[in-house]
Structure formats: structure tokens, C-alpha cells
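Residue numbers (the working numbering): 5 to 221.
Each residue gets a CB set at the ideal place from its N, CA and C atoms; glycine is no exception.
Below is one structure; the comments refer to it alone.
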């Protein structure tokens with residue numbers, strides 16, 4: 005499995021000869037011109053995870069890509085004339101030889117003035133390769149055992165104590181930062197170091213992927 009961090013919450017996951025894009029949002033323009041995608045997954049309908057107009061253009065340039073999103077994002081993309089499969093927790097599907105398990109239901113609580121919307125995390129697994137979990141904007145889903153965690157490092161809805169507890173509960177062998185566009189380099193290092201030092205996960209490996217960087221697991 006090869007994972008490329010395309011900025012903020014957006015990842016390109018290459019596994020079992022499939023190219024899967026997750027969360028093409030408006031803080032990560034590096035995905036705009038991608039072609040040859042087999043699937044696009046969206047966790048929820050916030051612009052930093054789904055840039056609606058740019059994503060519609062990109063999807064039209066990838067007519068063979070299956071599109072699976074939370075129910076609200078499916079509605080919005082459907083209004084753009086796109087073929088989208090609305091996805092909820094437990095409704096597993098496959099992309100070639102990659103199995104995808106949706107988990108979780110709602111975006112993390114932020115503020116009384118902000119209604120909670122659907123949020124679906126995705127667990128990607130392929131025989132002979134590590135598993136990866138992208139939770140979107142929530143820390144409460146139960147993905148089961150996973151090897152690589154795409155960890156939302158900082159957000160208006162997140163406290164550092166909850167971030168650390170999330171990694172401790174999932175207990176991956178590796179984690180890589182996502183949802184990090186609002187952090188300075190100093191802040192990013194501090195948050196990641198707290199996860200490493202305080203999660204209590206033995207032999208936890210931190211993959212410090214900046215925008216455009218890749219790692220093979």
C-alpha cells in the first residue's frame with residue numbers, strides 16, 4: 005500500500021492495483037488534475053473534505069471511478085448530475101480487490117450553533133497489504149484492528165486529549181497526520197509528538213508526510 009498526502013484531509017491510496025482518492029477538499033488542490041482513479045471516497049460534506057465544484061470537474065475527468073460518499077455529500081454531488089453511491093456504516097463494498105468498510109455516523113460535536121452532519125469513516129483492506137483507516141472528522145467510530153491510521157491532528161472540534169485517546173484506542177502500528185492545514189510547522193510537530201509520547205501504543209511509528217509526500221506500508 006502506498007499513501008500520498010495531498011494536503012489537509014486528502015489522501016491518494018494505492019493498493020491492490022487500485023487508485024483511491026479520499027476527501028478531495030478545498031484546502032488540498034493537488035488532487036484537481038488526477039486521472040486514472042478507480043474510486044473517490046468522501047467522509048462528509050464540509051468544504052475542506054469536499055470541494056463540490058472542483059470535485060465535480062475531477063470526477064467528470066475520471067468517468068470510470070466509483071464514487072462513494074456520506075448521504076449528504078451524495079445528495080450534493082447528485083445535484084451536479086453525477087452518479088454517486090450514498091454510503092452508511094456497515095454497508096461494505098469493494099474497489100477491485102480492495103474491501104472498504106464504512107464506519108461511524110456523525111461528525112464530531114463542535115458547537116451548538118453548528119448542526120451535526122453525517123460523517124462516514126472508511127477502512128481499506130486488501131490481501132497481503134496493511135489496512136488503513138481514514139475517520140473523517142470524528143474520533144468515535146470503531147474500525148476494528150487497523151495497521152495505518154490517518155489521524156486528524158487538529159480541528160476546531162478536537163481537543164488534544166481526545167486526539168491522544170483516539171490513537172490509544174485504535175492502537176495502530178503506524179499513524180500519519182491529516183487535517184493539519186490549520187497548523188504551523190511548530191504546532192504540527194507539537195501535536196504529533198504528544199500523540200507519540202502519551203498514547204501508550206507500543207512501537208507506534210509516525211510517518212511525517214507533508215503535502216505531496218508518499219510512504220509505502
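Separation of residue j from residue i, as counted between CA atoms
i           : j           : result
residue 162 : residue 178 : 20 Å
residue 107 : residue 91  : 10 Å
residue 155 : residue 83  : 31 Å
residue 218 : residue 6   : 7 Å
residue 40  : residue 26  : 14 Å
residue 117 : residue 132 : 45 Å
residue 202 : residue 66  : 42 Å
residue 54  : residue 16  : 14 Å
residue 19  : residue 153 : 15 Å
residue 123 : residue 189 : 28 Å
residue 56  : residue 157 : 24 Å
residue 212 : residue 192 : 10 Å
residue 149 : residue 206 : 15 Å
residue 141 : residue 47  : 8 Å
residue 24  : residue 183 : 18 Å
Reference residue i; option with closest CA among the options
i           : options         : result
residue 130 : 109, 221, 101   : 101
residue 185 : 31, 77, 62, 116 : 31
residue 38  : 124, 50, 98, 14 : 14
residue 215 : 190, 19, 35     : 35
residue 208 : 174, 86, 8, 105 : 174
residue 8   : 57, 181, 141    : 181
residue 3   : 24, 11, 47      : Absent from the model: residue 3. The displayed extent of the chain is 5 to 221, so no value can be given.
Residue i, enclosing alpha helix (DSSP H) - first and last residue
i           : result
residue 120 : Looking at the DSSP string, residue 120 is not in any alpha helix (DSSP H), and its letter there is neither H nor E.
residue 70  : Note, residue 70: premise wrong, no alpha helix (DSSP H); beta strand (DSSP E) at 70 to 73.
The ligand FMN heavy atom lying under 7 Å from the CB of residue i
i           : result
residue 125 : Of ligands this structure carries none, so the ligand FMN is not represented either.
Range covered by the beta strand (DSSP E) that runs through residue i
i           : result
residue 18  : 15 to 19
residue 218 : 218 to 220
Same chain only: Cβ atoms within 6 Å of residue i, ignoring 5 sequence neighbours per side
i           : result
residue 143 : 166, 170
residue 120 : 110, 111
residue 204 : 172
residue 22  : 42, 99, 100, 102
residue 72  : 45, 89, 91
residue 187 : 158
residue 96  : 105
residue 58  : 36
Residues near residue i by beta carbon distance below 8 Å, same chain, minus five either side
i           : result
residue 151 : 134, 135, 136, 176, 177, 178, 221
residue 147 : 105, 107, 125, 127, 137, 139, 174
residue 194 : none
residue 93  : 106, 107, 108, 109, 124, 145
Beta-carbon proximity list for residue i, same chain, < 7 Å, skipping 5 on both sides
i           : result
residue 210 : 179, 196, 200
residue 160 : 114
residue 49  : 74, 76, 77, 80, 121
residue 51  : 29, 30
residue 145 : 107, 108, 125, 139
residue 69  : 41, 42, 43, 44, 63
residue 198 : 164, 168
residue 86  : 60, 63, 71
Legend entry - Length at least 3, wholly inside the region 160 to 189: the beta strand (DSSP E) runs in chain order: 178 to 182
Inset, instruction - Would you list, in sequence order, the uninterrupted beta strand (DSSP E) runs of no fewer than 3 residues that lie entirely inside the region 8 to 64? - result: 15 to 19, 22 to 26, 43 to 46
Inset, instruction - Could you tell me which uninterrupted beta strand (DSSP E) segments, each at least 3 residues in length, are contained entirely in the region 79 to 159, listed from first to last along the chain? - result: 97 to 99, 102 to 107, 125 to 129, 136 to 138, 152 to 156
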